[in-house]
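The structure under discussion appears below in the form of structure tokens.
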Amino acid sequence: MIAAGLVAAALLLGSCTTMSKDECLAGAWGEKGYADGMAGYPMTRLDDHAQACARYQVAPNPGAYESAREDGLRGYCTVERGWSEGRSGNAYNGVCRPQEEAAFLPAYRDGQQLHAVEAAVESAESALNSAEARIVDREEKLDAKQRELRGEGLTDEEKERIRDRIQEVRGEIRDARRSAREARDALDLAEWDLHRVRRELVGRYPV
């Protein structure tokens, strides 16, 4: 059990590491800083790297990392990147300077808005598909139970049990049909909302 726990801990630790052994030993802190800046990571990302490299007795170079990260942030803190980050549903860590953030944030929020309405459409479609699949499944079960009830040699007790199950399945079909109606209404609303948002954003971004 102890060995299994150690293996699990090692796997968990490995899954959370931000730098490989080769990256740590290479010591390319400028490259890592620039990449993190372009990805919009906060300065605290260096703490994660330091923890990852500590097992290899490698310490980071904060000066090289921070300077290169600032260069990377200039590529991140743009209108285009703000739009794409919001559009993808990515988090913004407040890393842009005020003058850059004034352009970045509106685009980021517009992207977030489109992402949210698209996610609502996807969720409603999934709910509708699920409800329709339940309807088909329960109708097949109902047919099977009705055929079973028409079978020969059944006792009165067996017939009663089958009839009870038939009533249950009919109730499940009603519930599934109600869920499907609700999902269709939600999908109609979500699609209308999506068209509205796209109309508002057309010409400003590639929607």
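According to my numbering, the sequence shown is numbered sequentially starting from 14. A virtual CB, placed ideally from N, CA and C, is assigned to each residue, including glycine.
Of all alpha-carbon atoms in D61, S192, G46 and P111, the one lying nearest the alpha-carbon of E83 is that of G46.
Y218 carries a strand assignment under DSSP once its states are collapsed to helix, strand and coil. With respect to the 8 Å criterion, A81 and G43 are classified as neighbours on the basis of their beta carbons. In this structure, L86 sits near C109, with a CB-CB distance shorter than 8 Å. A check of alpha carbon separations from I186 across R163, E152, G124 and A67 identifies E152 as the nearest. About 17 Å separates the beta carbons of A133 and A193, which is beyond the 8 Å limit, so they are not a contact pair.
The Cβ atoms of G107 and Y121 do not sit closer than 8 Å to each other. Counting only unbroken stretches of 4 or more residues, no alpha helix (DSSP H) element lies wholly within the segment 129 to 190. Judged by their CB atoms, L162 and V182 are not nearer to each other than the 8 Å cut-off. Around the beta carbon of L38, fewer than 16 other beta carbons sit within 10 angstroms, so the residue counts as exposed.
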